[in-house]
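The structure under discussion appears below in the form of structure tokens.
In the UniProt record's numbering, the protein residues as written are 1 to 181.
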């Protein structure tokens, strides 16, 4: 009976060992499956993050390009408007000038401008015969003003100027001095 009991104990022990081995293998398989699942989840998460990051970069690049396009269009529109404005102003001046007189219905500034333009032209022609003219927007001194032949000459330290208008701004052009100076 002892042998039987020993055999039963051995078989029971083998069954227990076998069950433990099966349990360990099952746990190992389960843990392995969990690791594989976790690894797959991480891989998918990284791929989603990379895809999301790429989409965000693409979106930001598109926004930068759109902003650049809008700024370029705004600059071009401004340039077009300025060009049209200058052309409109030049056309209005040409329409108000008949070759001898400047017509301005609002006030008498037109006559003054016309006289200055004629004087500047005469002074420019006279000055061009002797030297290349220079242009200044502010005289370097308090000038001596000498009217001659319907034109005002502005003397500053031996240099003489006539007043002119360039793009609507007062400009002084160097000329030869008036007779007697």
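Cβ coordinates follow ideal geometry from the N, Cα and C atoms, glycine included.
### Task
Tell me where the beta strand (DSSP E) around residue 147 begins and ends.
Numbered from 1 along the chain shown, position 147 holds the residue referred to as residue 147. First-last of the beta strand (DSSP E) with residue 147: 144-148.
### Message
List, from N- to C-terminal side, the alpha helix (DSSP H) runs of 4 residues or more that fit wholly inside the UniProt region "Disordered" (1-85).
### Response
Correct list: empty.
### Message
Since residue 165 and residue 171 should fall inside the 8 angstroms C-beta cutoff, what is the C-beta to C-beta distance between them, to a whole number of angstroms?
### Response
To locate residue 165, count along the chain shown from 1; it is residue 165. To locate residue 171, count along the chain shown from 1; it is residue 171. Yes, they are in contact, since the Cβ atoms of residue 165 and residue 171 sit about 7 angstroms apart, within 8 angstroms.
### Query
Quick one: what does DSSP say residue 176 is sitting in, helix, strand or coil?
Sequence index remark: in the chain shown, residue 176 carries index 176 (1-based). In the structure shown, residue 176 sits in coil (DSSP, three-state: anything other than H, G, I, E or B).
### Task
Would you identify the three-state DSSP class for residue 156, choosing helix, strand or coil?
In the chain shown, residue 156 corresponds to position 156, counting from 1. Strand.
### Query
When you compare each of 168, 139, 167 and 151 to residue 157 by their alpha carbons, which one comes out closest?
Walking along the chain shown from the start, residue 157 turns up at place 157. Residue 157 has its Cα closest to that of 139, out of 168, 139, 167 and 151.
### Query
Under the three-state reduction of DSSP, which class applies to residue 134: helix, strand or coil?
Within the chain shown, numbered from 1, the residue matching residue 134 stands at position 134. Of the three classes helix, strand and coil, the one that applies to residue 134 here is coil, per DSSP.
### Query
Does the ligand SAH have a heavy atom nearer than 7 angstroms to the CB of residue 146?
For the ligand SAH, the structure offers nothing, since it holds no ligand at all.
### Query
residue 103: buried (16+ other C-beta within 10 angstroms of its C-beta) or exposed?
As a working note, residue 103 is residue 103 in the chain shown. Bear in mind that the predicted position of residue 103 carries a pLDDT of just 49, short of 50, making it too unreliable to give a figure here.
### Task
Report the option in 14, 159 and 134 whose CA atom is closest to the CA atom of residue 146.
The residue given as residue 146 occupies position 146 in the chain shown. Closest option to residue 146, Cα to Cα, is 159.
### Query
Three-state secondary structure (DSSP) at residue 161?
Position 161 of the chain shown, counting from 1, holds the residue named residue 161. The answer is strand: DSSP assigns residue 161 an E or B state.
### Task
Whole angstroms is fine: what's the gap from residue 41's alpha carbon to residue 54's?
Here residue 41 refers to the residue found at position 41 when the chain shown is read from its first residue. Here residue 54 refers to the residue found at position 54 when the chain shown is read from its first residue. For the pair residue 41 and residue 54, the Cα-to-Cα distance works out to about 20 angstroms.
#### Entry: Residue of 15, 82, 31 and 167 minimising C-alpha distance to residue 137
As a working note, residue 137 is residue 137 in the chain shown. The shortest C-alpha separation from residue 137 is found at 167.
### Message
Checking 8 angstroms against the spacing of the C-beta atoms, do residue 135 and residue 143 come in under that value?
### Response
For the purposes of this step, residue 135 is taken as residue 135 along the chain shown, with counting starting at 1. For the purposes of this step, residue 143 is taken as residue 143 along the chain shown, with counting starting at 1. No, Cβ-Cβ distance for residue 135 and residue 143 is not below 8 angstroms.
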